[in-house]
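Working notes, structure below.
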Amino acid sequence: MKKKTLALSLCLTLCLTTIGCKSTNSKTTNYLNKNISSNNIKNKITDSSKERSIENSTDVKETVSKSNNKNYETKERDWFFAPEVPTDIQGLIKNHSAYYLGDTSKKVIYLTFDEGYENGYTPKILDILKDNKVKAAFFVVVPYINSNKDLIKRMSEEGHLVCNHSNHHPSMAKTALKGKDAFNKELLDTEKAYEDATGKKMPKFFRPPMGKYSELSLEYTKQLGYKTIFWSFAYHDWDINKQPSHDFAKKKIINKAHNGGIFLLHAVSKTNTEILDSVIKELKAEGYRFGTLDELK
């Protein structure tokens, strides 16, 4: 009987060693046995035009262990904008070099454009920005860079920030689950494409595609030296088949102007292009200036 017990003990020890576990490591054992119950979180967010409810549900709160035993949440979240961002989200983004506002003590707006693909309007947008002496940030993906190198060079040469929007435009929360190397590749491939096109280093600002993120994805982004850039204003401007009227869009943008606002506009929008000059002039007349993401601290 003692021989059988000894043999079983040796076998168990060998198995644990083979799979990389240590039977004496109570922290590892506790982590593997940890069971986190389901959570249902409901955040009611009020927008200017309607009240909507964003429900984030998860059956299991997945975490990734760090060397100092801190765990990063991997639950996918969707960015939004409300008059008040929940306290827990504010803490999350503050700890991971993420921004949705700039300097709220001054009448400054940070104008940003997302460039998933070219719809023929970017040259006009650049003309308008140049005429009004406004610098903006353009968040681009690799296919956009490779297909529009002249535009990318022009953006850079005219003093705009050409920033990282990933290679394939995936959910970065889901990409982070594939491992740090897979995550980093999305950003590093974009850096390389930009450097190949311009001979310059890409500015270290990243906008998560579709506004999807997790605590882990924010941490990985920070480790690459990037600031994550969300937004405090955006509207339904990206659907090229359902473009808003000039009056609606202009009123929406002007009425939502606020100190330190990071404005997200899509450059594929015909409406945005046609109202941009008057929007900039009107906001300047109201005392706003247009800053750049380099000012964020």
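Residue numbers 1458 to 1754, in this note's numbering, belong to the letters of the sequence shown in order. No residue lacks a Cβ here, since even glycine has one placed at the ideal position from N, Cα and C.
- For E1572, the pairing in a beta bridge is given by DSSP as V1597.
- In the structure shown, the three-state DSSP call for I1582 is helix.
- In summary, A1742 is exposed, with fewer than 16 beta-carbon neighbours lying within 10 Å of its beta-carbon over all protein chains present.
- In the displayed model, R1611 falls within a helix according to three-state DSSP.
- S1604 has its alpha-carbon roughly 16 Å from the corresponding atom of C1620.
- Residue pairing by DSSP places H1626 opposite no residue, since no beta bridge is assigned to it.
- Residue range 1727–1742 is occupied by the alpha helix (DSSP H) that includes L1740.
- Between the stretch 1669–1685 and the stretch 1570–1590, the count of Cβ pairs shorter than 8 Å is below three; the stretches do not touch.
- For T1749, there is no enclosing beta strand (DSSP E), as DSSP gives it neither H nor E.
- The C-alpha of F1537 is placed about 11 Å away from the C-alpha of P1543.
- Its chain contains E1615 as the residues whose beta carbon lies nearer than 7 Å to that of K1587, once the 5 sequence neighbours on both sides are disregarded; these appear in chain order.
- Excluding five sequence positions before and after K1754, none of the CB atoms of its chain fall closer than 6 Å to its own CB.
- By the CB criterion at 8 Å, S1613 and K1649 fall outside the cutoff.
- Looking from the CA of N1698, the closest CA among D1653, P1627, T1728, E1541 belongs to T1728.
- With a cutoff of 8 Å on beta-carbon distance, L1750 and F1662 are scored as near each other.
- Counted as a single uninterrupted DSSP element, the alpha helix (DSSP H) harbouring L1644 occupies residues 1637–1655.
- Under the three-state reduction of DSSP output, A1706 falls in the helix class.
- Leaving aside the five residues that flank Y1745 on each side, the residues in its chain whose CB is nearer than 8 Å to its CB run, in chain order, K1564, V1565, I1566, A1714.
- Counted as a single uninterrupted DSSP element, the alpha helix (DSSP H) harbouring G1548 occupies residues 1544–1551.
- Going by beta carbons, L1583 and S1689 fall outside the 8 Å limit.
- CA-to-CA, the gap between Y1692 and L1721 works out to about 8 Å.
- Annotated three-state conformation of N1528 is strand, per DSSP.
- In terms of Cβ geometry, D1545 and G1717 do not form a close pair [threshold 8 Å].
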